[in-house]
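Protein chains: 2
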Amino acid sequence: MIVEIIAVGTELLLGQITNRNAAFLGEKLAESGFDAHYQVVVGDNLDRIVDAITIALGRADVIIMTGGIGPTQDDVTREAISTATGRPLLFSQEFAGRLRSFWEARGRQMPESNLRQAEYPEGAEQIPNPKGTAPAIALQHDGRWIFALPGVPEEMHYLVQHEVLPRLRTAAGVDQVVLSRLLRSWGRSESQVAELLDDLYHGSTNPSIAFLASAAEIKVRITAKAPTEAEATRLIAPYEKTIRERLGASVFGVDDETIERVILGLLEERQWTMATAESATAGMIAARMTSVPGASRVFRGGVVVYATDLKASLLDVPQEILDEGVVSEATALFMAEGAAARLQADVALAVTGSAGPDPQERAAGTMVIAVHTPEGSRARVMRLPGDRERVRTYATTAALHLVRLALVGEWWEA
Amino acid sequence: MIVEIIAVGTELLLGQITNRNAAFLGEKLAESGFDAHYQVVVGDNLDRIVDAITIALGRADVIIMTGGIGPTQDDVTREAISTATGRPLLFSQEFAGRLRSFWEARGRQMPESNLRQAEYPEGAEQIPNPKGTAPAIALQHDGRWIFALPGVPEEMHYLVQHEVLPRLRTAAGVDQVVLSRLLRSWGRSESQVAELLDDLYHGSTNPSIAFLASAAEIKVRITAKAPTEAEATRLIAPYEKTIRERLGASVFGVDDETIERVILGLLEERQWTMATAESATAGMIAARMTSVPGASRVFRGGVVVYATDLKASLLDVPQEILDEGVVSEATALFMAEGAAARLQADVALAVTGSAGPDPQERAAGTMVIAVHTPEGSRARVMRLPGDRERVRTYATTAALHLVRLALVGEWWEA
Chain A
1 MIVEIIAVGT
11 ELLLGQITNR
21 NAAFLGEKLA
31 ESGFDAHYQV
41 VVGDNLDRIV
51 DAITIALGRA
61 DVIIMTGGIG
71 PTQDDVTREA
81 ISTATGRPLL
91 FSQEFAGRLR
101 SFWEARGRQM
111 PESNLRQAEY
121 PEGAEQIPNP
131 KGTAPAIALQ
141 HDGRWIFALP
151 GVPEEMHYLV
161 QHEVLPRLRT
171 AAGVDQVVLS
181 RLLRSWGRSE
191 SQVAELLDDL
201 YHGSTNPSIA
211 FLASAAEIKV
221 RITAKAPTEA
231 EATRLIAPYE
241 KTIRERLGAS
251 VFGVDDETIE
261 RVILGLLEER
271 QWTMATAESA
281 TAGMIAARMT
291 SVPGASRVFR
301 GGVVVYATDL
311 KASLLDVPQE
321 ILDEGVVSEA
331 TALFMAEGAA
341 ARLQADVALA
351 VTGSAGPDPQ
361 ERAAGTMVIA
371 VHTPEGSRAR
381 VMRLPGDRER
391 VRTYATTAAL
401 HLVRLALVGE
411 WWEA
Chain B
1 MIVEIIAVGT
11 ELLLGQITNR
21 NAAFLGEKLA
31 ESGFDAHYQV
41 VVGDNLDRIV
51 DAITIALGRA
61 DVIIMTGGIG
71 PTQDDVTREA
81 ISTATGRPLL
91 FSQEFAGRLR
101 SFWEARGRQM
111 PESNLRQAEY
121 PEGAEQIPNP
131 KGTAPAIALQ
141 HDGRWIFALP
151 GVPEEMHYLV
161 QHEVLPRLRT
171 AAGVDQVVLS
181 RLLRSWGRSE
191 SQVAELLDDL
201 YHGSTNPSIA
211 FLASAAEIKV
221 RITAKAPTEA
231 EATRLIAPYE
241 KTIRERLGAS
251 VFGVDDETIE
261 RVILGLLEER
271 QWTMATAESA
281 TAGMIAARMT
291 SVPGASRVFR
301 GGVVVYATDL
311 KASLLDVPQE
321 ILDEGVVSEA
331 TALFMAEGAA
341 ARLQADVALA
351 VTGSAGPDPQ
361 ERAAGTMVIA
371 VHTPEGSRAR
381 VMRLPGDRER
391 VRTYATTAAL
401 HLVRLALVGE
411 WWEA
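Going line by line, the protein sequences match chains A and B. Under our numbering, read the first sequence as residues 1 to 414, first letter to last. Under our numbering, read the second sequence as residues 1 to 414, first letter to last.
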């Protein structure tokens, strides 16, 4: 089934927001094995939205629209679907009642204009939106599907996962279940991963194997079709086992697990706490670690020792070590040990480097990462490409992955 | 002139990258007064790119394409333009020579396939790309413009600013210069800003006034058309003066100035250094401050005191203050003073708060920011909406703006 994504919103055309919704949909569709040929962005303009739908009906089996189903006069996605399909807008007393209850429950008066959200094109299904007020719309028209979803990311994400994809899977696979398992890896290039799994990639169609590269992370997706979920799971299991054996410790998580969550889980298992000592990344690692709710159970804090003298005064790095080189393995190791001692943490992660654009002691892009755990300490020098922000972001991700390797006992060669 | 943006790349359809290029183009086009009606994303597929161009030629005056002009077999934007316009691809000896020199200068052998980058549709202009190897293409066809730009953001940004927009301005304004000045403000809502400038917005067409909201920042764009740049500048000046008078200290910068750069500039003027003490934002402020090259001239470092006991041990916040409340003005003020003392900085910025999703001492979204300078100290409590990441990001931005206000002597009411 060919899918087309239409995002509605003048703010997207003006560049006030980035169309992350399309990227999310693109990824989820690909994971489920659906092809998207076009993504279109159109402003809050009835005629132009109608044109976009009409073009999409001529080249796609499924149209997924985001945005334009709110309560204001700007929100014309419902009218546009009605016009493009020739189906009049009807009014749902049931949803009007739900809207009124929603507002009453909050002790507020509903503006009458909000009742527009209870309208739907004839023949469409209104899908309740548990994260907001506007119901989504699913319409089967002329052998095609049209979905209209809210533009608010968290509402849209929920509805895609729980309402849109299940309907599409049913439509595509008749009574087949499509199940995907995503193995997330770090430390090998996409071409290395592809080479290690070449026979599986070419030799198997069910499950099928696909590679997705994003930033430094390589994901391997195993997708199986079967009459039941249990059977699909059974088809996937031996492939997951083989892939894990071949990729080894570079596989750090599955599905939606981020490296931060994996680290927090490992620390909790071991009942270890963690601290950071950052120079070039200057807080980016601490910010990433604390992006996960509940991080405070294991993450104690960190220091940003941007000025060289602070590496001595806050972390006890000996002056003679700093004199030999601030961007060095010795400095990074002392920083990690200083952070563990001063912040009373079991595990510490330190980064020092030259982020650029101008070289600082060593060539721009040279980053040194050190990890300290109760089981040992080790440093690693990396030479990263790109501009200042890319170097800092990549170093942050690399540092998190090195901590994970240390926590699972897979220390790299010194 | 109506503009349509076509981004080429299967990785966009798969959601492996977000289409930030379209957001950048949308913003730059809007700033220059051009309307974009559609943004389209299409994969690396010749027929579908040809279809996208053909549709765009029927509804836009200008097509700006990004991506698909690299050296590999996947890069078919040149062929697609050739097919859609019926103009054969020619080969430029001049650009072939440039490509060879580029590779020779690096002491490497150029793969012969790279010569595809020297091809161009008949009648097109090849625009040198000083940030990369693939030349951009500008084609006037049938009263319309087609631009093909690289997908690499930094190459594309450069070419849009220096090549595409000047050509479009010339085409649109005949011999008029279009000049914009962007005043960036923080601390007032878009509707407050619009109300304060309502007479200018409705009463003036040259210069014209527009409002752009992005995150918490409200930008006011003053755009003038005149026969010369000097005259356009003269038209803008009195409006800028009036707007600055009405918006007061909330205007923090112009054009591309970020709040981080403004703060670094103010610190350098005063020869003051700065440090941070972060709890809920956990390094995000330090990371923002150090995103600017040269930050080390004034930024000393910071501490991330996520665990409560570290607020005492690393920043000397008295235990009785912490016992009264960690998310409090008193704690934030002691954190700022502790950071100034321990990190030997003149200015310190502290944040403590409850980022959510679960409340921590105070309701989720409650953030306390304190600023310490040689001229005084003050704290401010904010209640921010949204999820954990939004609260942390908004608090980071708010903290930076409060430091700036303190640095220019505009302390808020306690």
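Even glycine gets a Cβ: it sits at the ideal position worked out from N, Cα and C. Just so it is clear, the structure is predicted and the values come from calculations on it, not from any experiment.
1) Relative to the C-alpha of serine 214 of chain B, which residue among B:Thr397, B:Gly15, B:Ile6 and B:Val8 is closest?
2) Taking buried to mean at least 16 other C-beta atoms within 10 Å of its own C-beta, is proline 130 of chain B buried or exposed?
3) Quick check on DSSP: helix, strand or coil for glutamate 268 of chain A?
4) When you compare the CB positions of proline 357 of chain A and alanine 364 of chain A, do they come within less than 8 Å of one another, or not?
5) Under a Cβ-count criterion, where at least 16 other Cβ atoms within 10 Å of its own Cβ denotes burial, should tryptophan 186 of chain A be classed as buried or exposed?
6) Tell me which residues of the segment 55 to 89 of chain B have at least one Cβ-Cβ distance to chain A shorter than 7 Å, keeping chain order.
7) Return the residue from the list A:Pro318, A:Met274 and A:Tyr306 that minimises the CA-CA distance to valine 305 of chain B.
8) How far does the beta strand (DSSP E) with leucine 90 of chain A in it extend, from its first residue to its last?
9) For a quick check, are the C-beta atoms of valine 160 of chain A and lysine 311 of chain A less than 8 Å apart?
10) So, at 6 Å on beta carbons, what are the nonlocal neighbours of arginine 362 of chain A in its own chain, with the 5 sequence-adjacent residues on each side left out?
11) Our contact map puts methionine 335 of chain B next to valine 317 of chain B with C-beta atoms below 8 Å; I'd like the distance itself, whole angstroms only.
12) Quick check on the burial criterion: 16 or more other C-beta atoms within 10 angstroms. Buried or exposed for proline 385 of chain B?
13) Where DSSP assigns a beta bridge to alanine 138 of chain A, which residues make up the other side?
14) Given alanine 124 of chain B, which residues of its chain have a CB within under 7 Å of its CB, disregarding the five upstream and five downstream residues?
15) Smallest Cα separation from threonine 54 of chain B: which of B:Ile17, B:Ala277 and B:Ile6?
16) Helix, strand or coil for methionine 367 of chain B per DSSP?
17) Contact check, leucine 182 of chain A vs arginine 221 of chain A under 8 Å by CB: the rounded distance?
18) Buried or exposed: tryptophan 412 of chain B, going by 16 or more other Cβ atoms within 10 Å of its Cβ?
19) Taking three-plus beta-carbon pairs below 8 Å as touching, is the segment 278 to 296 of chain A in contact with the segment 283 to 303 of chain B?
20) What separation, rounded to the nearest whole angstrom, lies between the Cα atoms of proline 135 of chain A and arginine 169 of chain A?
21) Who are the near neighbours of methionine 1 of chain A in its chain, counting only those whose CB is closer than 8 Å to its CB and skipping five residues on each side?
22) Considering only residues of the same chain and omitting the five flanking positions on each side of glycine 132 of chain A, which have a CB-CB separation below 8 Å?
23) Let me know the secondary structure DSSP gives arginine 417 of chain A once reduced to three states.
24) With a floor of 3 residues, list each beta strand (DSSP E) that falls wholly inside the segment 152 to 192 of chain B, ordered by position along the chain.
25) State the DSSP-derived secondary structure class of methionine 65 of chain B, mapped to helix, strand or coil.
26) Could I get the ranges of all uninterrupted beta strand (DSSP E) runs contained in the segment 265 to 337 of chain B, with 3 residues as the minimum, in chain order?
27) Give the range of the beta strand (DSSP E) segment to which leucine 200 of chain B is assigned.
28) Just checking my contact of leucine 197 of chain B with isoleucine 146 of chain B at CB under 8 Å: how many whole Å lie between their CB atoms?
29) Pop quiz: isoleucine 64 of chain A and arginine 78 of chain A are said to be a contact at Cβ under 8 Å. What is the actual Cβ separation, rounded to whole angstroms?
30) Using a C-beta to C-beta distance shorter than 8 Å, which residues of chain A count as neighbours of aspartate 358 of chain B?
31) Would DSSP call isoleucine 2 of chain B helix, strand or coil?
32) Counting Cβ pairs, one atom from each stretch, are 3 or more of them under 8 Å apart for the segment 18 to 27 of chain A and the segment 36 to 55 of chain A?
33) Quick one: which residues of the segment 299 to 320 of chain A get their C-beta closer than 7 Å to a C-beta of chain B? List them in chain order.
34) Which residue from B:Leu267, B:Gly58, B:Leu402 and B:Glu269 puts its Cα closest to that of glycine 143 of chain B?
35) Can you give me the C-alpha to C-alpha distance between glycine 43 of chain A and valine 351 of chain B, rounded to a whole angstrom?
36) Could you check how far apart the C-beta atoms of alanine 232 of chain A and leucine 179 of chain A are, in whole angstroms? I think they sit under 8 Å.
By the coordinates alone:
1) Within the second sequence, residue 214 of chain B is the residue found at index 214, counting from 1. Comparing Cα positions, the closest option is B:Thr397.
2) The residue given as residue 130 of chain B occupies position 130 in the second sequence. Proline 130 of chain B is classed as exposed because its beta carbon has fewer than 16 other beta carbons within 10 Å across all chains shown.
3) Counting from one through the first sequence, the residue named residue 268 of chain A turns up at place 268. Shown here, glutamate 268 of chain A sits in a helix according to DSSP, grouped into three states.
4) Along the first sequence, one-based indexing puts residue 357 of chain A at 357. Along the first sequence, one-based indexing puts residue 364 of chain A at 364. The answer is yes: Cβ separation under 8 Å.
5) Residue mapping note: residue 186 of chain A aligns to position 186 of the first sequence, counting from 1. Here tryptophan 186 of chain A is buried. Its C-beta has 16 or more other C-beta atoms within 10 Å.
6) If the cut-off is 7 Å between Cβ atoms, the segment 55 to 89 of chain B has Ile55 near chain A.
7) Working through the second sequence from its first residue, we reach residue 305 of chain B at position 305. Measuring from the Cα of valine 305 of chain B, the nearest candidate turns out to be A:Met274.
8) What you label residue 90 of chain A is simply residue 90 of the first sequence in a count that begins at 1. Where leucine 90 of chain A is concerned, the enclosing beta strand (DSSP E) starts and stops at 89 to 91.
9) For the purposes of this step, residue 160 of chain A is taken as the residue at position 160 of the first sequence. For the purposes of this step, residue 311 of chain A is taken as the residue at position 311 of the first sequence. No, they are not a contact pair.
10) Mapped onto the first sequence, residue 362 of chain A falls at position 362. Result list for arginine 362 of chain A: Val327 and Ser354, in chain order.
11) By one-based count along the second sequence, residue 335 of chain B stands at place 335. By one-based count along the second sequence, residue 317 of chain B stands at place 317. Correct: roughly 6 Å between the Cβ atoms.
12) The residue you call residue 385 of chain B lines up with position 385 of the second sequence. By the neighbour-count rule (16 or more Cβ atoms within 10 Å), proline 385 of chain B is not buried but exposed.
13) Taking the first residue of the first sequence as 1, we reach residue 138 of chain A at position 138. Residue pairing of alanine 138 of chain A in beta bridges, as defined by DSSP: A:Glu125 and A:Phe147.
14) By one-based count along the second sequence, residue 124 of chain B stands at place 124. These residues qualify, in order along the chain: Ile137, Ala138 and Leu139.
15) The residue given as residue 54 of chain B occupies position 54 in the second sequence. With distances taken between CA atoms, threonine 54 of chain B lies nearest to B:Ile6 out of B:Ile17, B:Ala277 and B:Ile6.
16) Residue numbering aside, residue 367 of chain B sits at position 367 when the second sequence is read from its first letter. Of the three classes helix, strand and coil, the one that applies to methionine 367 of chain B here is strand, per DSSP.
17) Within the first sequence, the letter at position 182 stands for residue 182 of chain A. Within the first sequence, the letter at position 221 stands for residue 221 of chain A. Contact flag correct, Cβ pair sits at about 5 Å.
18) As a first step, residue 412 of chain B is located in the second sequence; it is residue number 412 there, counting from the start. Exposed.
19) Result yes; three or more Cβ-Cβ pairs closer than 8 Å.
20) Sequence index remark: in the first sequence, residue 135 of chain A carries index 135 (1-based). Sequence index remark: in the first sequence, residue 169 of chain A carries index 169 (1-based). Cα to Cα, proline 135 of chain A sits roughly 21 Å from arginine 169 of chain A.
21) Working through the first sequence from its first residue, we reach residue 1 of chain A at position 1. For methionine 1 of chain A, same chain residues with a beta-carbon under 8 Å away, outside a window of 5 residues either side, are Phe34, Asp35, Asp61, Val62, Leu168, Ala171 and Ala172 in chain order.
22) On the first sequence, position 132 is the one that residue 132 of chain A refers to. So the qualifying residues of the chain are Pro150, Val152 and Glu155.
23) Outside the shown range of chain A (1 to 414) lies residue 417 of chain A, about which nothing can therefore be said.
24) With a minimum length of 3 residues, the continuous beta strand (DSSP E) runs that stay inside the segment 152 to 192 of chain B are 177 to 186.
25) Here residue 65 of chain B corresponds to residue number 65 of the second sequence, with the count starting at 1. Residue state, collapsed to three classes: strand.
26) Correct list: 274 to 278 and 299 to 305.
27) Along the second sequence, one-based indexing puts residue 200 of chain B at 200. That residue, leucine 200 of chain B, is in no beta strand (DSSP E); its alpha helix (DSSP H) goes 198 to 203.
28) One-based indexing of the second sequence puts residue 197 of chain B at position 197. One-based indexing of the second sequence puts residue 146 of chain B at position 146. Actually they do not touch by this definition, with Cβ atoms about 38 Å apart.
29) Locating residue 64 of chain A in the first sequence gives position 64, counting from the first residue. Locating residue 78 of chain A in the first sequence gives position 78, counting from the first residue. Between isoleucine 64 of chain A and arginine 78 of chain A the beta-carbon gap is near 15 Å, outside 8 Å, which marks them as no contact.
30) On the second sequence, residue 358 of chain B is found 358 positions in, with the first residue counted as 1. Those within 8 Å of aspartate 358 of chain B in chain A are Pro293.
31) Walking along the second sequence from the start, residue 2 of chain B turns up at place 2. Note: isoleucine 2 of chain B maps to strand in three-state DSSP.
32) By the Cβ rule, the segment 18 to 27 of chain A counts as touching the segment 36 to 55 of chain A, because three or more pairs are nearer than 8 Å.
33) Residues passing the 7 Å Cβ filter: Phe299, Arg300, Gly301, Gly302, Val303, Val304, Val305, Tyr306, Ala307 and Leu310.
34) Looking up residue 143 of chain B in the second sequence gives position 143. Taking only the C-alpha atoms, the option nearest glycine 143 of chain B is B:Gly58.
35) One-based indexing of the first sequence puts residue 43 of chain A at position 43. One-based indexing of the second sequence puts residue 351 of chain B at position 351. For the pair glycine 43 of chain A and valine 351 of chain B, the Cα-to-Cα distance works out to about 39 Å.
36) By one-based count along the first sequence, residue 232 of chain A stands at place 232. By one-based count along the first sequence, residue 179 of chain A stands at place 179. Here alanine 232 of chain A really is in contact with leucine 179 of chain A; their C-beta atoms are around 4 Å apart, less than 8 Å.
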